[in-house]
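Here's the structure, in structure tokens; my notes come after.
Protein chains: 4
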Amino acid sequence: MSLFERTDETKVLRDPVHGYIHIDLQIIWDMINTSWFQRLRRIRQLGGANMVYHCAEHTRFSHSLGVYEIVRRMITEVNDIRDSLNEREKTVVMLAALLHDVGHGPYSHAFEEVSATSHEVYTCRIIEEDTDVHRLMEAAASGLSREVADVIRHKSANPLLSQLISSQLDADRMDYLLRDAYFTGTTYGEFDLERILRTLRVIDNRLVVKQSGVYAVENYIMARYHMYWQVYYHPTARSYETLLHMLFKRMRDLGETGIDSLPELFAPLLKKGSISLADYFILDEASCNYGFQLLVDHSDPILRDLSVRVRDRKLFHYADSTPQFNRMMRAKLKKQGYDLNYYWGRDTVVQKPYVPYTGTGGNAVWAVMKDGSIRELSNASNIVYSLIHGPVNDDNKVYYPPEAV
Amino acid sequence: MSLFERTDETKVLRDPVHGYIHIDLQIIWDMINTSWFQRLRRIRQLGGANMVYHCAEHTRFSHSLGVYEIVRRMITEVNDIRDSLNEREKTVVMLAALLHDVGHGPYSHAFEEVSATSHEVYTCRIIEEDTDVHRLMEAAASGLSREVADVIRHKSANPLLSQLISSQLDADRMDYLLRDAYFTGTTYGEFDLERILRTLRVIDNRLVVKQSGVYAVENYIMARYHMYWQVYYHPTARSYETLLHMLFKRMRDLGETGIDSLPELFAPLLKKGSISLADYFILDEASCNYGFQLLVDHSDPILRDLSVRVRDRKLFHYADSTPQFNRMMRAKLKKQGYDLNYYWGRDTVVQKPYVPYTGTGGNAVWAVMKDGSIRELSNASNIVYSLIHGPVNDDNKVYYPPEAV
Amino acid sequence: MSLFERTDETKVLRDPVHGYIHIDLQIIWDMINTSWFQRLRRIRQLGGANMVYHCAEHTRFSHSLGVYEIVRRMITEVNDIRDSLNEREKTVVMLAALLHDVGHGPYSHAFEEVSATSHEVYTCRIIEEDTDVHRLMEAAASGLSREVADVIRHKSANPLLSQLISSQLDADRMDYLLRDAYFTGTTYGEFDLERILRTLRVIDNRLVVKQSGVYAVENYIMARYHMYWQVYYHPTARSYETLLHMLFKRMRDLGETGIDSLPELFAPLLKKGSISLADYFILDEASCNYGFQLLVDHSDPILRDLSVRVRDRKLFHYADSTPQFNRMMRAKLKKQGYDLNYYWGRDTVVQKPYVPYTGTGGNAVWAVMKDGSIRELSNASNIVYSLIHGPVNDDNKVYYPPEAV
Amino acid sequence: MSLFERTDETKVLRDPVHGYIHIDLQIIWDMINTSWFQRLRRIRQLGGANMVYHCAEHTRFSHSLGVYEIVRRMITEVNDIRDSLNEREKTVVMLAALLHDVGHGPYSHAFEEVSATSHEVYTCRIIEEDTDVHRLMEAAASGLSREVADVIRHKSANPLLSQLISSQLDADRMDYLLRDAYFTGTTYGEFDLERILRTLRVIDNRLVVKQSGVYAVENYIMARYHMYWQVYYHPTARSYETLLHMLFKRMRDLGETGIDSLPELFAPLLKKGSISLADYFILDEASCNYGFQLLVDHSDPILRDLSVRVRDRKLFHYADSTPQFNRMMRAKLKKQGYDLNYYWGRDTVVQKPYVPYTGTGGNAVWAVMKDGSIRELSNASNIVYSLIHGPVNDDNKVYYPPEAV
């Protein structure tokens with residue numbers, strides 16, 4: 485297969501967010517059919533938010549297709565981008581878009597914390613170690629897998645490629661905001677994708693937005709802000725993630741001595757050293773769910789209790805974290821015999837709607853004004869300027885079993 | 485007819501913004517069928533924006549029904565409001581909602597400037613002078629028309645009634661943002677009406693929003709902000725309004741001596757003194773449009789030229805207003821023989837997303853926090869706080885005939 | 485200007501039905517800015533249906549842009565069509581799409597019946613007589629106006645051009661179904677435009693749909709069926725059209741002797757012989773509306789009465805037409821002194837969801853099956869077969885003043 | 485807890501199909517929180533269609549909430565239904581709506597065929613045997629669980645209750661059509677739910693639709709028809725279900741002797757006799773997915789091969805079933821050593837858009853005409869009459885491994 489071989493006719497996949505996903509390169513089509521990409525059907529997009537928004541059951545499979553589609557449109561419909569990239573770069577960036585989340589494990593945050601490895605590390609391993617994903621790329625063009633991985637780890641020779649996929653205004657965020665809004669059934673994640681695409685330009689190999697598109701970017705930034713607070717940082721979602729975290733932590737704390745008593749599939753998680761891709765492959769949300777079912781009958785009462793809570797959505801309660809409340813509540817829990825390592829959670833979330841340019845790199849958004857000058861977004865938008873100079877939202881919560889009260 | 489007589493069964497009118505408009509009071513139904521309310525079918529909602537957004541052809545007729553529907557939902561679905569008002573107040577506020585724009589003239593801004601009378605004055609006259617609207621109310625309950633007009637002029641005994649229709653978070657704005665977004669085909673006017681309604685409360689006879697609804701209000705405020713800049717204040721819309729203004733001004737400047745040469749329907753506009761309701765009734769957009777057609781053949785070359793421009797959308801160009809540019813352009817126009825009174829326009833628009841409480845009245849938005857305290861919106865929302873403390877958007881433009889350049 | 489001159493950059497007009505209307509030919513842009521095309525802003529798309537669906541206030545201006553946009557997509561996105569037409573044909577068919585309704589008069593049906601001239605006659609006159617529309621085309625390419633008119637009157641050398649605009653599966657119907665559904669707020673006019681476009685093919689210079697698109701065509705046919713019965717043939721809409729018809733008829737019956745007493749703008753309608761384009765230009769819905777206002781004070785009591793009804797939506801009642809009822813009702817009306825020529829209306833509507841090929845021409849829809857054979861739609865779809873062999877819906881109604889009962 | 489205890493305030497769950505799910509009875513809220521109901525989060529709504537429509541990843545959890553919501557609206561917003569039922573019946577029918585699918589196993593069709601037990605049997609067992617679902621109901625009101633199960637098995641004293649949930653026009657179908665349309669991203673499942681609800685009446689304890697709602701029912705029937713052919717009966721979905729069926733069949737054919745070699749979780753499936761609820765509980769799609777992962781390394785080559793196909797979406801090809809093709813293809817497969825029991829599938833699907841009343845019971849749809857007469861739907865609708873008298877769509881397909889060709 486050559487790198488630029490086309491499919492017989494354009495293949496289209498119905499997608500409620502984008503209408504259709506269009507595929508006309510054979511390598512993209514084959515990549516979708518690899519076992520690693522199909523595995524994403526077994527990993528949900530939102531770790532805990534579907535405990536609040538019951539329809540948010542969509543997976544990283546559809547999100548990955550969506551990011552691919554936005555990048556495909558960028559490189560075909562945005563003249564400046566189309567003209568800035570050669571054919572090989574176009575294929576590379578579409579593959580990077582499709583595969584950017586291929587290394588995601590189950591319940592991303594809780595799992596990543598316990599495994600202490602970022603999903604991006606796995607993404608690059610899957611692309612570069614001996615997998616069907618890797619073999620397919622190398623068969624098409626030698627060295628291709630490295631180029632794709634480089635886009636994902638921001639080492640690409642052409643920085644524009646990484647900007648399309650991972651910056652403050654990228655295809656990844658654009659897809660997940662629209663997609664999560666659609667599947668949660670909320671409206672605050674919506675923004676005018678068409679308008680942003682229409683007003684993108686490339687100047688000095690940097691992605692910029694025309695002044696006439698600034699309001700659409702403002703809208704996108706507000707959408708992101710609201711999605712964070714109403715969906716991703718919803719305390720109930722965080723409570724569920726806390727439970728998952730505690731459950732994984734308890735397993736890990738049982739140590740290597742406990743391995744035999746645990747479902748086999750969790751073993752790789754508990755062994756020292758990194759997880760093999762073969763073991764990682766199996767660790768999807770389906771298998772974890774089954775593993776949790778088995779833990780319901782485990783001899784360890786904490787594992788037993790936590791796994792029932794996870795299975796049946798018997799969530800921890802939450803409260804604002806204050807010294808007085810925490811002291812009072814922790815004392816109460818201790819008195820009732822709860823092990824605070826597993827029955828007392830705490831987190832802090834902060835969200836800056838937008839991070840301006842600091843002079844030390846970073847990925848600010850840039851606008852080209854009518855007079856041709858280029859400004860950093862917060863100098864092109866009063867709204868954004870106000871937001872980054874105003875107070876920052878943060879939220880500190882504690883989590884504990886409701887029966888304790 | 486009694487005030488509370490119900491229709492045989494609930495009448496429903498299909499409305500894309502609200503699904504259905506529900507009517508179950510006979511007086512509401514009869515009011516819709518008056519000649520004054522039907523006249524609103526001949527007055528568009530957006531004075532000039534349909535020159536930019538070609539589908540924004542909706543009228544004040546549907547907007548008025550929409551405001552009525554939101555108020556109807558407020559007084560039936562929001563428990564606190566339902567319990568705060570007696571039956572007569574409920575009917576009064578629904579009538580006020582339905583009729584709040586009944587006095588609108590054609591092309592609101594341009595026309596109001598020339599006639600130097602606010603449309604609210606006409607609204608109250610239509611309600612209180614001898615019209616079918618007035619007679620219908622008085623037949624139902626003596627004194628009713630006065631009560632309805634009092635809500636519109638903020639003199640109601642119960643200030644809650646005016647708040648529902650006219651404040652910074654009212655049924656009027658809620659409907660027009662959603663409706664104008666729908667008919668322009670933009671998304672930035674959308675916000676979560678359901679959520680706002682669900683979180684409204686009445687405390688000490690004041691409308692407040694629960695803390696859990698603050699984000700929805702933030703969204704609404706951003707929606708308003710974006711609709712102003714992208715739709716209502718679009719320079720092309722303002723250019724068209726400038727043309728209309730110039731055309732009306734030229735007619736008025738022809739003075740009473742010119743009356744005979746003008747289409748009869750414009751006569752009332754030119755006479756000194758206030759316009760009779762009978763004359764005002766005829767001055768809808770349909771008749772103005774016909775009047776403009778007649779002016780195309782008028783002996784006055786300025787009238788002739790301006791009316792062709794209005795009819796055929798031959799708009800003035802616009803530019804940012806700067807001393808240099810203005811000086812240069814005005815000189816050029818003069819040299820070419822243009823009368824600057826009619827061929828040089830200028831406007832300034834400013835939009836504050838939200839005006840906080842200043843201690844001297846006003847209509848701030850209030851939130852009730854989880855702990856029961858009541859805060860002014862900018863103290864309950866970081867976003868709103870940032871917006872009102874950041875720089876304010878304004879825009880100064882000048883308008884002139886494109887051929888002059 | 486040359487025929488293929490492009491605009492500086494693609495111009496886009498926001499449209500809620502299609503997202504955006506895209507324009508990149510200068511002649512299309514200039515055509516939109518002619519006085520005749522702008523005149524369509526003053527003619528509503530739906531003659532009477534906005535008396536039932538109050539938001540259906542959209543005009544032929546936006547519909548015409550929509551038909552143009554669908555044709556533009558057909559000739560750029562449907563490979564077979566793109567490859568079947570040369571550049572000149574593409575421009576011709578886009579112009580024909582844009583202008584196909586440019587000859588529409590006010591309140592189409594009622595007006596056409598009285599003027600006894602089809603709007604297509606005016607469309608071709610506007611294109612071929614001395615108008616700004618005509619001059620623009622001829623300046624771009626000699627003979628162009630004739631070619632455009634030929635597409636509209638189905639005399640084009642290439643029959644495919646007419647098929648795109650006027651057949652049983654054409655851009656005209658596709659746009660108005662989607663548009664009328666959007667603006668009425670109903671859902672039954674929706675169908676999958678994307679799918680139909682994707683499955684269109686050209687075989688032997690005939691437009692066919694692939695078998696895999698047949699279900700989408702079934703949906704389109706059902707959409708059409710339901711829109712007819714729920715919107716276009718709604719008895720209330722027909723009642724309003726009956727009133728308009730009666731009003732125009734009464735004016736005409738006053739004869740040439742009555743001309744002086746009538747508003748000047750109606751004069752051309754009453755004179756024998758065809759209407760000049762200059763007179764026709766002025767006869768839009770705005771001027772008719774103003775004319776009706778004037779008739780409210782006319783000396784003829786019938787004109788006076790009918791014009792108040794039209795203005796204030798005081799509609800005739802309707803009932804199923806049966807010999808008994810009609811006899812009874814007509815007697816009652818006569819007894820009460822009503823002139824049955826103007827106070828007794830009657831109509832019959834029939835709608836065949838689809839008309840199959842009859843062997844004598846016509847414009848059936850054709851499908852290409854997986855095996856390559858071509859079948860007429862009713863042989864490719866069980867649904868369509870059933871519909872055309874089942875009973876046909878028709879509806880006979882009579883209309884009369886409600887006070888008479 | 486009493487049967488009618490209310491929650492503190494109305495609880496609302498955001499749902500993109502219905503806006504919100506409203507809960508104000510404590511027993512409904514508690515039921516949602518049972519382990520059996522939460523288990524539905526692990527069972528997708530569409531067995532194989534998400535292999536075609538990649539976003540159709542929604543579960544029976546959200547569908548069950550949706551059916552509950554429609555029934556809740558029926559008994560509160562449809563006056564006739566509200567007045568026909570007493571308070572206990574209302575709670576019973578809401579519970580039955582919520583629980584009607586609680587007995588669903590994984591991949592419904594394939595699994596049901598192999599286990600040879602309908603999911604309704606499990607639903608009733610879960611309601612009536614000793615589960616948290618059962619105990620909760622009996623604690624609220626003795627005998628309640630029996631009443632709820634009776635609604636599901638159509639044995640309710642009041643047949644109206646079953647009609648709401650299971651007939652040809654019921655809350656179950658209404659929700660799944662709208663929901664599956666939303667999550668597949670297709671439009672053909674949409675119909676006007678509001679209109680149908682508004683026109684429902686109860687006459688002689690039978691649910692009927694007013695004549696003015698017949699067109700909305702026609703639309704619903706067409707929606708159902710199209711969803712069947714475009715989604716539920718899509719050959720790719722059926723191919724996936726065929727694969728699942730073959731995999732389950734192979735496991736079962738290994739017989740009791742093979743149990744030891746199979747993942748423990750599949751054991752109950754292979755033993756003779758019925759499955760205990762404890763075992764059934766674990767058999768969700770998550771655990772099956774994990775089980776399939778284990779089978780990938782099984783010693784039986786057929787199991788190994790089929791499980792890889794299921795996991796990685798390496799589907800069988802499909803073709804129209806014809807004697808010639810089948811003979812040819814079966815010969816080819818045999819020659820290549822394929823075991824036809826597992827590598828040759830065949831199915832037939834037929835869909836009647838609507839089944840009219842046959843005189844022997846059944847659940848036809850009835851309409852009440854303007855004159856008060858009651859007609860069976862196919863006598864009230866020309867469309868429906870045509871559909872049931874026209875040819876019936878059926879489709880016979882065969883399935884086989886693509887490598888064999």
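Residue numbers (the numbering used here), protein chains in the order written: chain W, 485 to 889; chain D, 485 to 889; chain V, 485 to 889; chain X, 485 to 889. Quick reminder that beta carbons are idealized off the backbone N, C-alpha and C, glycines included. Computed from a predicted structure; not experimentally measured.
Sub-9 angstroms separation of residue i and residue j beta-carbons
i, j, result
"residue 663 (chain X)", "residue 849 (chain X)", "no"
"residue 693 (chain X)", "residue 685 (chain X)", "yes"
"residue 769 (chain W)", "residue 542 (chain X)", "no"
"residue 497 (chain W)", "residue 549 (chain W)", "yes"
"residue 738 (chain V)", "residue 784 (chain V)", "yes"
"residue 535 (chain W)", "residue 720 (chain W)", "yes"
"residue 781 (chain V)", "residue 788 (chain V)", "yes"
"residue 510 (chain D)", "residue 545 (chain D)", "no"
"residue 702 (chain V)", "residue 710 (chain X)", "yes"
Beta-carbon contacts of residue i that lie in its chain and below 7 angstroms, excluding the five residues immediately before and after
i, result
"residue 878 (chain X)", "832, 833, 834"
"residue 817 (chain X)", "824, 827, 828, 884, 888"
"residue 790 (chain X)", "727, 730, 731, 734, 826"
"residue 574 (chain V)", "559"
"residue 504 (chain W)", "496, 497, 498"
Own chain residues within Cβ distance below 6 angstroms of residue i, not counting five before or after
i, result
"residue 592 (chain V)", "531"
"residue 652 (chain X)", "847, 849"
"residue 772 (chain X)", "590"
Residue(s) in a DSSP beta bridge with residue i
i, result
"residue 859 (chain W)", "W:851"
"residue 455 (chain D)", "Lying before the first or after the last residue shown, residue 455 (chain D) is absent from chain D, which here runs from 485 to 889."
"residue 884 (chain D)", "D:801"
Heavy atom of the ligand FAD within 8 angstroms of residue i beta-carbon
i, result
"residue 831 (chain W)", "Absence of the ligand FAD from the depicted structure is noted, as is the absence of any ligand whatsoever, leaving it without description."
Chain-ordered neighbours of residue i on chain C, where CB pairs are closer than 9 angstroms
i, result
"residue 671 (chain X)", "The structure shown has no chain C; the protein chains it does contain are W, D, V and X."
Do the segment 652-671 of chain D and the segment 549-568 of chain D touch if we need at least three Cβ pairs shorter than 8 angstroms? yes
Return the chain-ordered ranges of every alpha helix (DSSP H) run that is complete within the segment 657-696 of chain V and spans a minimum of 4 residues. 677-682
In chain order, which alpha helix (DSSP H) runs of at least 4 residues are fully inside the segment 779-854 of chain V? Segments of the alpha helix (DSSP H) lying fully in the segment 779-854 of chain V: 785-796, 807-819, 824-827.
Which whole runs of the beta strand (DSSP E) in the segment 489-554 of chain V are 3 residues long or more, in chain order? Annotation note: the segment 489-554 of chain V contains the following uninterrupted beta strand (DSSP E) runs of length 3 or greater, listed N- to C-terminal: 490-499, 503-509.
At least 3 beta-carbon pairs within less than 8 angstroms: the segment 741-749 of chain W vs the segment 790-808 of chain W: no
Contact between the segment 602-615 of chain D and the segment 749-765 of chain D: three or more CB pairs below 8 angstroms? yes
Which runs of the alpha helix (DSSP H) spanning at least 4 residues fall entirely within the segment 706-767 of chain X, listed in chain order? 719-737, 751-754, 761-766
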